[in-house]
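Protein chains in written order, with this note's numbering: chain A, 488 to 662; chain B, 4 to 429; chain C, 1007 to 1318. Glycine included, each C-beta is placed from N, C-alpha and C at the ideal position. Structure record follows, encoded as structure tokens.
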Amino acid sequence: MPIVRAYHHNDPNGKGKIDKMQRFARMVDKIESFLSIWLLGIIVLLVFFSSLLRYIGFPINGADTIAETLFVWLIYIGADQVLRKDRHLGVDFFTQRLPVRIRNFISIVVLLVMLAFLVLVTYFGMSLTLANNGRILGDLPISYSFVAMAIPIGTFLMCLTIIVRILVLIWDFKN
Amino acid sequence: MLLVVLTFIILLLLNMPIAFTLGISGIIYFLTQVSVPLPVVVQRMITGTQSYPLLAVPFFILAGHIMNASGITSRLMKLADALTGHLVGGMAHVSIVLSMLMGGVSGSSNADVAMQTRILLPEMRKRGYDDGFSAAVLACGSLSTAIIPPSIGLVLYGFVGQVSIGKLLIAGIIPGILMGLIMMFTAYIYAKKRGYDADGKNKKKSFKELISAVKESFWALLFPVFLVMTIRFGIFTATEAAAFAVVYAFLVGKFIYRELDWLKLKEALKNCAEDNAMIMLIISMAAIISYVLAYEKVPVKMASFIVGISDNPFIVMGTIIAFLFVAGMLMEGTVNILLLTPIFLPIVTKLGFDPVHFGIIMAIMIQIGGITPPVGVNMYTVCSLGNIPIEDFVKESLPFFLALMILIAILIAFPKLSLFLPGLMK
Amino acid sequence: GKSPADKQQDSNTYTLKIHMVINEQDPIYQGYAEFKKGVEARTNGKVKVELYPNGVLGNDEDLLQQAMLGGNVAVNSDAGRLGVWVPEMGILLAPYLTDNANEMQKLLKSDLVKKWTDELAQKKGLTVLSFNYYAGARHFITKKPISTPEDLNGLKIRTPGSPVWQETIKAMGATPVALPWTETYPAIEQGVIDGAEAQDSATYGAKIYEVAKYITKTGHIQLWNCLVVGTKWFEQLPKEYQQILIEESIKAGDFTTNKVLASEKELEDKMDATGAIIKEVDIKPFKTKSEIVYSKLNYQDLRQEVNKVLGK
Ligand code: NA
Ligand code: NA
Chain A
488 MPIVRAYHHN DPNGKGKIDK MQRFARMVDK IESFLSIWLL GIIVLLVFFS SLLRYIGFPI
548 NGADTIAETL FVWLIYIGAD QVLRKDRHLG VDFFTQRLPV RIRNFISIVV LLVMLAFLVL
608 VTYFGMSLTL ANNGRILGDL PISYSFVAMA IPIGTFLMCL TIIVRILVLI WDFKN
Chain B
4 MLLVVLTFII LLLLNMPIAF TLGISGIIYF LTQVSVPLPV VVQRMITGTQ SYPLLAVPFF
64 ILAGHIMNAS GITSRLMKLA DALTGHLVGG MAHVSIVLSM LMGGVSGSSN ADVAMQTRIL
124 LPEMRKRGYD DGFSAAVLAC GSLSTAIIPP SIGLVLYGFV GQVSIGKLLI AGIIPGILMG
184 LIMMFTAYIY AKKRGYDADG KNKKKSFKEL ISAVKESFWA LLFPVFLVMT IRFGIFTATE
244 AAAFAVVYAF LVGKFIYREL DWLKLKEALK NCAEDNAMIM LIISMAAIIS YVLAYEKVPV
304 KMASFIVGIS DNPFIVMGTI IAFLFVAGML MEGTVNILLL TPIFLPIVTK LGFDPVHFGI
364 IMAIMIQIGG ITPPVGVNMY TVCSLGNIPI EDFVKESLPF FLALMILIAI LIAFPKLSLF
424 LPGLMK
Chain C
1007 GKSPADKQQD SNTYTLKIHM VINEQDPIYQ GYAEFKKGVE ARTNGKVKVE LYPNGVLGND
1067 EDLLQQAMLG GNVAVNSDAG RLGVWVPEMG ILLAPYLTDN ANEMQKLLKS DLVKKWTDEL
1127 AQKKGLTVLS FNYYAGARHF ITKKPISTPE DLNGLKIRTP GSPVWQETIK AMGATPVALP
1187 WTETYPAIEQ GVIDGAEAQD SATYGAKIYE VAKYITKTGH IQLWNCLVVG TKWFEQLPKE
1247 YQQILIEESI KAGDFTTNKV LASEKELEDK MDATGAIIKE VDIKPFKTKS EIVYSKLNYQ
1307 DLRQEVNKVL GK
């Protein structure tokens, strides 16, 4: 589903709400884009320079741990972008044979199930982040919470994305 | 456990994204199995991604994107055309050879299929190739891209099975090239029978033209050589080599081909971040299911079941191949590697197969899964982009599929084909 | 009278899943197999013990965290990992802290160590069932022969990530590289690192001697493992079962220790037969060079306490 959609219908109020939501989604998308580009760039350079230094005899312990830590952030921020563009791989072999109305209904059900899952993960992700009990990353004095936090934040963003999608779908369904 | 399997199947059928299907069926187990605290689900999602070897995946994807943004594709296509354009079934060969050449820069076959369908399918139609045949050539012919290093499938296999990724990548060279050649052979027979590009209209390119095509794509051709050499001589691990590959691709694109600007680089980074997230979210969620399988000792139970069938290594291997084939029909490749490697690898190593050897066989079987109905990513790509009925594709891809199965048999019977090159690594 | 928890014990069954990254051939695995037999026999199968070798459930840190969260998992751990929570424990891995296995055994049974494990149980939610599984003395396994600390200069040596370990290797002259144990073999083979330091059973199990054939018996660290469960899970067990778990773990630890001490020579002979070169060295210069670790990590006072326990 494209991020930007034009809505031509009779309800000016509803249209305004959807537009507002989509403007918000666009802003989140921009921030995420910026973050993922930089995260990926930094990870590449980090691995590049740390291996160069190791090769000439000056290994920096912990560079790989930092790269891995940034990696989980890269993944979960990127996952929200992929979700917004509806690019997460699925199997539509069976659903595509169904009539459009049933298909849309199934889409809404699937999105609601995903939302429930994401809410659960956000909740338990937060509790893991908060309850990590002094665990540190490998040999670095950095709290494990910094890694753990990527998941609830990523899944929370995905919750928002799904809510927008559900509302848009319901809107389509009604009209 | 039954509930987990049922949830999995139902959600998959409802077109729930695979990553979420894995995550939700995994969390179902934690919700019903009280002895494991729920935050462990999130812990598994984190741990599933925290691996240095895994970083090679986005790096290889990024290097491929940067190379493409630098105009590598058109250069390699010219070379493929100069090499094979004049043969009977010329366009089919160009497509297969292009896949092999692209294999040296790209780590997965799917992007290759999409690109080739857009570029080559119109030309094949113009020259009178049947749509089904074209689709089969494009989808099956592209599989060698994923076996010739770099290869994302082999990185994932090495990651899950704790097998040297460097060795696996190097082991893919000969089987990947053989795969391309066997596809060309099959395409040739069919083209001859049906008279595709058989009128000799496409003249053989002169030696000069060939040399100029090689020259133009020199830096792209050097890319896999550079990659293999740094790994081969122990200068870098596969992950480090992948990071260097990104830097190499950038330097070539920016300073030699001069087609890469900052905007294109930004675009490549953004696309890579998305491709990466797509694959890694699956890996992250699959870690929940992997834990459930280990917790329930499924690999151990499966192993004793399969070994119970026979203790003849070739019968066991045949059973595993059959299993991989069925799994490949129904499931997406990444998931199959993640969930099945820990089950099958210990079985085959106990029977005396080399983990690197089995990695190659597994990677090819996973690729075959991409062209078999009902679930096949490459098949979907070519059929939907080309608007070709899946039935036509299935009918015409049968000979290519059989050729691939013969290749599998040959690779099982002659381990040296896979193990000779990595054996030189000490 | 019986407490409510004790009355329940007839109907309730419990399962404990022991996680370890070692494989089935390791003497410590065999120790846990004894533990399983003992516990299941004495509780009439009411406490079931399942073994998960090869790290199939995940990594040590994750599993320790699962135990903290109340999961029914136990972890084969060591002072390095637990030192993250109770820093004093790190000294158990300090170089040449004791002169032999007997001394270390005495130390581990002392009130000093008990103070640390009590703190771990009460404040951090990890209960040590027993701290007496001997893994072995750590030696260097390198591509080049080693006879003095100077030979280690510039070599990249794989060690676990904990600070004591890193400092020890650094003090001796080598460059420590923290890598997962499973990546050690390919890393040496590809020339990414020059060697590792490990106890014989680990070296043998991971076949490190195939890619680095010089084993130099420096014995710089005495590695002892412990069996750790979550305090939350442990305390919901009937008292009687808690006692059985502790007793059986001590028994299994002693079983393991005797086995390791007895099989050391056999393992070295086996590795020797494949072409590995195992050499005793004068450990004095190694000892002198690694002395600095104690001051670097502020272990001087703690060391006095340890020496008092050992009567030195
Ligand atoms: Na490739
Ligand atoms: Na398939």
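Check	Outcome
Positions along the region 534-552 of chain A whose CB lies within less than 7 angstroms of some CB in chain C	Gly544, Pro546, Asn548
Rounded separation between A:His496 and A:Val515 - CA only	The pLDDT assigned to A:His496 is 45, lower than 50, so where the model puts this residue is not dependable, and the model offers no usable value.
Interface residues of chain A facing B:Thr384 [CB-CB closer than 8 angstroms]	Correct list: empty, because the minimum Cβ distance to chain A is about 11 angstroms.
beta-carbon B:Ala244 near ligand 1 non-hydrogen atom, thresh 7 angstroms	no
Rounded separation between B:Trp222 and B:Ile177 - CA only	21 angstroms
Three-pair Cβ contact test at 8 angstroms for the region 589-604 of chain A versus the region 626-641 of chain A	no
Anticipated Cβ contact below 8 angstroms, C:Thr1262 with C:Tyr1140, distance rounded	6 angstroms
Cβ contact check for the region 325-332 of chain B and the region 128-146 of chain B: 3 or more pairs under 8 angstroms	no
Of the residues B:Asp133, B:Val116, B:Ser145, the one placed nearest B:Asp200, counting alpha carbons only	B:Asp133
Under 8 angstroms between C-beta atoms of C:His1145 and C:Gly1225	yes
Other residues of its chain near A:Met508: CB distance less than 6 angstroms, five sequence neighbours each side excluded	Val651
For B:Asn279, the nearest candidate out of A:Leu644, A:Val569, A:Ile649 (CA to CA)	A:Val569
Beta-carbon gap between B:Leu414 and B:Ile364 smaller than 8 angstroms	yes
Proximity to C:Leu1161 [Cα-Cα], best of C:Gly1201, C:Asn1108, C:Phe1137	C:Gly1201
8 angstroms CB neighbourhood of B:Glu299 in its chain, flanking five on each side removed	Met4
Straight-line gap, A:Ser520 to A:Gly565 (C-alpha atoms, nearest Å)	8 angstroms
CB of C:His1025 within 8 angstroms of CB of C:Leu1088, strictly	no
B:Glu399 to B:Lys170 span [Cα, whole Å]	35 angstroms
Beta-carbon contacts of C:Leu1308 that lie in its chain and below 7 angstroms, excluding the five residues immediately before and after	Glu1094, Ile1097
Beta-carbon proximity list for B:Pro345, same chain, < 8 angstroms, skipping 5 on both sides	Val163, Gly164, Ser293, Leu296, Ala297, Pro302
Proximal residues to B:Gly74 (C-beta, below 7 angstroms), its chain only, five neighbours per side dropped	Tyr260, Glu262
beta-carbon B:Ala216 near ligand 1 non-hydrogen atom, thresh 7 angstroms	no
Beta bridge counterpart(s) of B:Ala174 as assigned by DSSP	Per DSSP, none; premise fails for B:Ala174.
Touch test, the region 55-65 of chain B against the region 520-531 of chain A, Cβ-Cβ under 8 angstroms, three pairs minimum	yes
Those runs of the alpha helix (DSSP H) which lie wholly inside the region 128-191 of chain B and span at least 4 residues	134-144, 155-164, 168-174
B:Ala149 versus B:Leu422 - alpha carbon distance	18 angstroms
DSSP-derived helix/strand/coil call for A:His495	Any reading at A:His495 must be qualified, since the residue scores a pLDDT of 43, below 50, and its modelled position is unreliable; the value itself is stated next. A:His495 falls in the coil class under three-state DSSP.
Own chain residues within Cβ distance below 7 angstroms of B:Glu212, not counting five before or after	Ala85
The region 540-549 of chain A in contact with the region 642-659 of chain A per 3-pair CB rule at 8 angstroms	no
Spatial neighbours of A:Leu615 in its chain, beta-carbon cut-off 7 angstroms, leaving aside the 5 residues before and after	Ala635
Counted within 10 angstroms of its Cβ, other Cβ atoms place B:Phe253 as buried (16 or more) or exposed	buried
Check: C:Ala1258 C-beta below 7 angstroms from any heavy atom of ligand 3	The model depicted lacks ligand 3 and carries ligand 1 and ligand 2 instead.
Anticipated Cβ contact below 8 angstroms, C:Val1287 with C:Leu1113, distance rounded	Going by Cβ atoms, the distance from C:Val1287 to C:Leu1113 rounds to 25 angstroms, so no, they are not a contact pair.
Residue-chain proximity (C:Lys1302, chain A), Cβ-Cβ < 8 angstroms	no
Status (buried if at least 16 other CB within 10 Å, exposed otherwise) for C:Glu1030	exposed
Pick from C:Leu1135, C:Gly1044, C:Ala1193, C:Phe1137 that is closest to B:Phe236, judged by C-alpha positions	C:Ala1193
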